[in-house]
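Novice: The structure is given below, and queries will be raised subsequently.
Chains as they are written, first to last, in the UniProt record's numbering: chain L, 1 to 150; chain R, 1 to 150; chain B, 1 to 83; chain V, 1 to 83.
Dropping the structure here:
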């Protein structure tokens with residue numbers, strides 16, 4: 001399931017829902033991305049996330065579908081926030097449920113890596129020196145490529 | 001932090017606590033292991049986990065220490081339950097917090113793999129055919145070995 | 001065509017979206033970008049280094065060589081930084 | 001020595017723990033296992049195939065060749081299956 005929203009979310013509640021009623025699930029892996037207060041040695045007080053609404057949902061659904069094609073998953077969830085977020089705030093939540101722990105771990109990692117380079121979100125950091133757009137990192141591109149099928 | 005307990009735990013609360021007050025944390029990865037209702041094509045109604053109290057805490061602390069030596073982690077948590085657990089119940093919780101998402105993912109996966117083959121817990125399944133001790137899987141041994149330093 | 005701008009492309013062009021007819025002789029994204037560069041300072045600045053601009057047509061990531069036709073939704077943005 | 005048994009080793013020996021003096025001539029775990037095997041049917045059954053038994057001395061995983069001395073805590077159990 002995909003949710004793109006301004007509001008915060010409750011990881012405990014989401015994890016509970018993800019596996020509720022399905023006792024075939026042996027493991028749930030999840031990742032929460034948070035606003036760090038440091039970037040490039042500068043103090044960051046907040047971030048503003050912009051996105052491309054029409055495309056975001058579509059891209060995240062495609063990424064989720066790819067994960068289900070690659071691993072035996074019982075359920076997946078991606079929540080991504082937009083708008084202004086203070087340091088320490090939750091930005092993104094990805095969770096995967098599977099009978100098998102490796103599938104849950106790998107699919108969760110894959111979803112995070114792919115959405116980092118494929119989902120249309122842009123971050124602007126608020127620092128004492130002013131606001132600045134975050135630059136994409138080569139390491140994220142590399143992280144995406146490690147999931148390329150050989 | 002290590003907790004070995006009979007009682008259930010609240011993943012949402014634990015995740016909240018793990019990153020509370022530290023805005024240098026960029027990501028929190030977690031894994032929840034659950035009692036599956038199927039094993040070797042047999043219906044499992046419950047599991048009973050026995051452990052070696054004196055050794056469990058010590059082993060889990062050693063595993064946690066190893067993770068901190070290998071990855072830049074801000075905080076880690078391992079909770080493992082013992083006693084009788086019904087199908088669908090939570091058995092184990094591992095969470096890792098780091099500035100970097102790869103470190104959080106890898107350390108969490110490592111902790112789960114290591115505790116599967118190094119922490120002194122034993123599972124007995126309750127099925128219609130009676131109770132039986134779960135046999136260790138070669139795949140868990142292999143999963144542990146992939147973290148061997150080369 | 002509906003043309004959308006995000007992040008610093010929105011700030012530099014001063015627009016989040018606009019409706020534009022496909023200019024005569026333009027058949028693909030790179031031709032359209034060349035045409036946009038001539039539309040004024042904001043555009044020239046936004047598309048000054050087209051190699052760092054990413055594009056989606058009808059909400060799919062595409063290359064600069066992707067064909068365009070009237071009715072397409074074209075979006076320009078920097079490399080994404082979500083997650 | 002304090003000797004502990006877990007899981008099916010506990011069921012087969014009928015004991016969760018016992019105090020045993022290190023037998024004469026026994027210097028390591030494998031010697032101790034051989035001695036235990038001769039103590040009765042329950043032990044013979046539990047240690048029938050010693051290759052599937054794991055051991056910890058003073059709460060650390062060790063090999064069957066690990067030396068033993070009085071005062072050690074020795075635990076026997078199957079391969080672990082937690083997590």
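Beta carbons are placed, not taken as given, at the ideal position from N, Cα and C, and that holds for glycine.
If we ignore side chains and look at the alpha-carbon of each, how far apart do residue 135 (chain R) and residue 37 (chain L) end up?
Specialist: In the second chain, residue 135 (chain R) corresponds to position 135, counting from 1. In the first chain, residue 37 (chain L) corresponds to position 37, counting from 1. Going by the C-alpha atoms only, they are around 47 Å apart.
Novice: Any beta-carbon of chain L closer than 9 Å to the one on residue 74 (chain B)?
Specialist: Within the third chain, numbered from 1, the residue matching residue 74 (chain B) stands at position 74. Output row for residue 74 (chain B): interface = no.
Novice: Can you say whether residue 14 (chain V) is buried or exposed, counting buried as having 16 or more other CB atoms within 10 angstroms of its CB?
Specialist: Counting from 1 along the fourth chain, the entry for residue 14 (chain V) is found at position 14. Exposed, by the Cβ-count rule.
Novice: By DSSP, does residue 85 (chain L) sit in helix, in strand, or in coil?
Specialist: The residue given as residue 85 (chain L) occupies position 85 in the first chain. Looking at residue 85 (chain L) - three-state DSSP - the assignment turns out to be strand.
Novice: Chain R beta carbons: is any one of them nearer than 9 Å to that of residue 6 (chain V)?
Specialist: For the purposes of this step, residue 6 (chain V) is taken as the residue at position 6 of the fourth chain. So yes, residue 6 (chain V) belongs to the interface.
Novice: Checking the sheet assignment: what are the DSSP bridge partners for residue 4 (chain L)?
Specialist: Here the question's residue 4 (chain L) lines up with position 4 in the first chain. According to DSSP, which records beta bridges pairwise, residue 4 (chain L) is partnered with L:80.
Novice: Short check: CB of residue 119 (chain R) to CB of residue 82 (chain V), under 9 Å?
Specialist: For the purposes of this step, residue 119 (chain R) is taken as residue 119 along the second chain, with counting starting at 1. For the purposes of this step, residue 82 (chain V) is taken as residue 82 along the fourth chain, with counting starting at 1. Yes.
Novice: Return the CA-CA distance between residue 200 (chain R) and residue 12 (chain L), expressed in angstroms with no decimal places.
Specialist: Within the shown structure, residues of chain R are numbered from 1 to 150, placing residue 200 (chain R) beyond reach of any answer.
Novice: With 9 Å as the threshold, decide whether the Cβ of residue 61 (chain B) is near any Cβ in chain L.
Specialist: For this step, residue 61 (chain B) is matched to residue 61 along the third chain. Closer than 9 Å: yes.
Novice: With distance defined between alpha-carbon atoms, name the residue in L:63, L:24, L:130 and L:30 nearest to residue 41 (chain R).
Specialist: Here residue 41 (chain R) is taken as the residue at index 41 of the second chain, counted from 1. With distances taken between Cα atoms, residue 41 (chain R) lies closest to L:24.
Novice: Enumerate in chain order the residues of its own chain whose CB-to-CB distance from residue 31 (chain R) is below 7 Å, with the five nearest sequence positions on each side excluded.
Specialist: For the purposes of this step, residue 31 (chain R) is taken as the residue at position 31 of the second chain. Contacts found: 94, 108 and 112.
Novice: Would you report the Cα separation of residue 20 (chain L) and residue 63 (chain L), rounded to the nearest angstrom?
Specialist: Here residue 20 (chain L) corresponds to residue number 20 of the first chain, with the count starting at 1. Here residue 63 (chain L) corresponds to residue number 63 of the first chain, with the count starting at 1. If I take the Cα positions, the gap works out to 23 Å.
Novice: Taking any Cβ of chain V, which residues in the stretch 103–129 of chain R have a Cβ under 8 Å from it, in chain order?
Specialist: Answer set for the stretch 103–129 of chain R: 112, 115, 116, 117, 118, 119, 120, 121, 122, 123 and 124.
Novice: Just mark residue 145 (chain L) as buried or exposed, buried being the case when its beta carbon has 16 or more other beta carbons within 10 Å.
Specialist: The count along the first chain starts at 1 and reaches residue 145 (chain L) at position 145. Exposed is the call here.
Novice: Here's the rule I'm using: 16 or more other beta-carbon atoms within 10 Å means buried, otherwise exposed. How should residue 56 (chain L) be labelled?
Specialist: Numbered from 1 along the first chain, position 56 holds the residue referred to as residue 56 (chain L). Residue 56 (chain L) should be labelled buried.
Novice: Opposite residue 67 (chain B) in the DSSP bridges: which residues?
Specialist: Here the question's residue 67 (chain B) lines up with position 67 in the third chain. DSSP, once it has assigned bridges, lists B:28 as partnering residue 67 (chain B).
Novice: Roughly how many angstroms lie between the CA atoms of residue 17 (chain R) and residue 73 (chain B), to the nearest whole one?
Specialist: On the second chain, residue 17 (chain R) is found 17 positions in, with the first residue counted as 1. On the third chain, residue 73 (chain B) is found 73 positions in, with the first residue counted as 1. The alpha-carbon atoms of residue 17 (chain R) and residue 73 (chain B) are separated by roughly 45 Å.
Novice: On the premise that residue 46 (chain R) lies in contact with residue 87 (chain R), defined as a C-beta separation below 8 Å, what is that separation, rounded to the nearest angstrom?
Specialist: If you number the second chain from 1, residue 87 (chain R) lands on position 87. If you number the second chain from 1, residue 46 (chain R) lands on position 46. Sure, about 6 Å apart at Cβ, within 8 Å.
Novice: Helix, strand or coil: which one does DSSP assign to residue 39 (chain B)?
Specialist: Walking along the third chain from the start, residue 39 (chain B) turns up at place 39. Coil at residue 39 (chain B), not helix or strand.
Novice: Taking 8 Å as the cut-off, does the CB of residue 47 (chain B) come closer than this to any heavy atom belonging to the ligand PLP?
Specialist: As far as ligands go, the structure on display features none, and thus does not contain the ligand PLP.
Novice: Would you say residue 10 (chain R) reaches chain L, if we count a Cβ-Cβ gap shorter than 9 Å as a contact?
Specialist: By 1-based counting over the second chain, the position of residue 10 (chain R) is 10. By this cut-off, residue 10 (chain R) is an interface position.
Novice: Should residue 33 (chain R) go down as buried or exposed, given a rule of 16 or more other Cβ atoms within 10 Å for buried?
Specialist: Position 33 of the second chain, counted from the first residue, corresponds to residue 33 (chain R). It counts as buried.
Novice: Can residue 48 (chain R) and residue 140 (chain R) be called in contact, C-beta distance under 9 Å?
Specialist: Along the second chain, read from residue 1 onward, the residue named residue 48 (chain R) stands at position 48. Along the second chain, read from residue 1 onward, the residue named residue 140 (chain R) stands at position 140. Cβ atoms of residue 48 (chain R) and residue 140 (chain R): not closer than 9 Å.
Novice: Terminal residues of the continuous beta strand (DSSP E) containing residue 91 (chain L)?
Specialist: Within the first chain, the letter at position 91 stands for residue 91 (chain L). 90–98 is the extent of the beta strand (DSSP E) around residue 91 (chain L).
Novice: Once you ignore the five residues that flank residue 65 (chain V) on each side, which residues in its own chain have a CB closer than 8 Å to its CB?
Specialist: Counting from 1 along the fourth chain, the entry for residue 65 (chain V) is found at position 65. Result list for residue 65 (chain V): 28, 29 and 30, in chain order.
Novice: Which one of B:32, B:63, B:11 and B:12 has the shortest CA to CA distance from residue 2 (chain B)?
Specialist: Locating residue 2 (chain B) in the third chain gives position 2, counting from the first residue. Looking at the Cα atoms, B:32 is the closest of the given residues.
Novice: Let me know if residue 16 (chain V) comes out buried or exposed under the rule of 16 or more other beta-carbons within 10 Å of its beta-carbon.
Specialist: As a first step, residue 16 (chain V) is located in the fourth chain; it is residue number 16 there, counting from the start. Exposed, by the Cβ-count rule.
Novice: For chain R, is any of its Cβ atoms less than 9 Å away from the one on residue 37 (chain L)?
Specialist: As a working mapping, residue 37 (chain L) is identified with position 37 in the first chain. Interface residue, yes.
Novice: Around the Cβ of residue 103 (chain L), are there at least 16 other Cβ atoms within 10 angstroms (buried) or fewer (exposed)?
Specialist: For the purposes of this step, residue 103 (chain L) is taken as the residue at position 103 of the first chain. Looking at its Cβ environment, which holds 16 or more other Cβ atoms inside 10 Å, residue 103 (chain L) is buried.
Novice: Please classify residue 61 (chain R): is it buried, with 16 or more other beta-carbons within 10 angstroms of its beta-carbon, or exposed?
Specialist: Here residue 61 (chain R) corresponds to residue number 61 of the second chain, with the count starting at 1. Exposed: under 16 other Cβ atoms inside 10 Å.
Novice: Can you list, in chain order, the residues of the stretch 24–57 of chain L whose Cβ is nearer than 8 Å to any Cβ on chain B?
Specialist: Listed by position along the chain: 33, 49, 50, 51, 52, 54 and 55.
Novice: Where does residue 152 (chain L) land, buried or exposed, given buried means 16+ other C-beta within 10 angstroms?
Specialist: In the structure as shown, chain L begins at 1 and stops at 150. Residue 152 (chain L) is therefore absent and cannot be evaluated.
Novice: What's the C-alpha gap between residue 46 (chain V) and residue 82 (chain R)?
Specialist: Here residue 46 (chain V) refers to the residue found at position 46 when the fourth chain is read from its first residue. Here residue 82 (chain R) refers to the residue found at position 82 when the second chain is read from its first residue. Cα-Cα distance, rounded: 23 Å.
Novice: With a threshold of 9 Å between beta carbons, is residue 107 (chain B) in contact with chain L?
Specialist: Lying before the first or after the last residue shown, residue 107 (chain B) is absent from chain B, which here runs from 1 to 83.
Novice: Can you pull the DSSP bridge partners for residue 126 (chain R)?
Specialist: If you number the second chain from 1, residue 126 (chain R) lands on position 126. Its beta-bridge partners are R:46 and R:131.
Novice: For residue 52 (chain B), which option in L:149, L:89, L:147 and L:138 has the closest C-alpha, if you only look at C-alpha atoms?
Specialist: Counting from one through the third chain, the residue named residue 52 (chain B) turns up at place 52. Considering only alpha carbons, the answer is L:138.
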